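Read in order, the letters of the sequence shown are residues 1 to 173 in the UniProt record's numbering.
Backbone N, C-alpha and C define an ideal beta-carbon position, used for all residues, glycine too.
Keep in mind the model is a prediction, meaning the values are calculated, not measured.
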Amino acid sequence: MKKILFTLFIMYGFGLNAQNAQTTDYDWKKMDPKQRKEVINNLSPEERKELLKKFRNNMVLENLEIDASDKTEFTQLYNEYLENQKQIKGQFNPNFNPEALSDDEAKAKLQQSFEVGQRLLDNRKKYADKMQQVIPCQKVLKLFQSEGMMRDKMNERKPHSGHDNTARPKQNP
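In structure tokens form, the structure reads like this:
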């Protein structure tokens, strides 16, 4: 999943922000895909994470056409929002077999998924309000819309594990 996400963001980063995506003095735009892959593979996990974050931020800034005067404040808010969403999602483990749960366990898991989903929604509302202090409401809406499209693309490309999961939809809180 992380590799797919990383690859997807890298592709979008190259496509939308190649001229701005100078990291550790590499000219990403002039590199062929094989060279990029080699450079990325030679980065430490921390460097890869930072590169991904930079590409993601550049992609969002470019897509939303954020004014130069608002870029720093918006980027900080956006990164806080994503970190909070990640922490909330981490409170729910979607890797379970519902058929192996007792009725009580299934009810508890279902309730937990509702609670985590509500916290995600509350966090989204909170940061939508904060972001509207920096960028117009239309751009906040566009940001959330693009997140949904990105999630859909990732789910399309996500390889299935050894189980026959084709009939069962992905579980999200």
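Check, Outcome
"Cα-Cα separation, ASN84 to PRO98", "27 Å"
"Assigned exposure category for ARG56 - 16 Cβ within 10 Å defines buried", "buried"
"Contacts around GLN132, its chain only, beta-carbon distance under 7 Å, and the 5 residues preceding and following it disregarded", "VAL140"
"Extent of the continuous alpha helix (DSSP H) to which SER146 belongs", "137 to 157"
"Coil, strand or helix - GLU47 by DSSP", "helix"
"Buried versus exposed call for ALA21 [16 or more other C-beta atoms within 10 Å across all chains shown]", "Residue placement at ALA21 is poorly supported in this model, since its pLDDT is 38, which falls under 50; the coordinates are not used for a value here."
"Beta-carbon separation (whole angstroms), LEU121 vs LEU64, contact threshold 8 Å", "No, LEU121 and LEU64 are not in contact; Cβ-Cβ is about 21 Å, not under 8 Å."
"Backbone CA spacing between LEU61 and LEU43 [nearest angstrom]", "24 Å"
"DSSP three-state assignment for SER102, whether helix, strand or coil", "coil"
"Integer Cβ distance of LYS92 from GLN118, believed to fall under 8 Å", "Correcting the residue identity first, residue 92 is Phe in this sequence and not Lys. In fact, because the Cβ distance is near 12 Å, the residues do not count as touching under 8 Å."
"Residues near GLU147 in its chain [Cβ-Cβ closer than 6 Å; skip 5 each side]", "none"
"Reference TYR81; option with closest CA among LYS53, TYR127 and MET31", "TYR127"
"Assumed close pair ASP32, VAL134 - CB separation to whole angstroms, cut-off 8 Å", "So it is not a contact: roughly 37 Å between Cβ atoms."
"GLU115 to LYS29 span [Cα, whole Å]", "44 Å"
"LEU77 versus LYS109 - alpha carbon distance", "31 Å"
"Close beta carbons around GLU73, own chain, < 7 Å, minus the five adjacent residues each side", "VAL134"
"Secondary structure, beta strand (DSSP E): runs of 3+ residues fully inside the stretch 68 to 102", "none"
"Nearest candidate by alpha-carbon position, reference PRO136, set ASN58, LYS49, ASP67 and GLU156", "ASP67"
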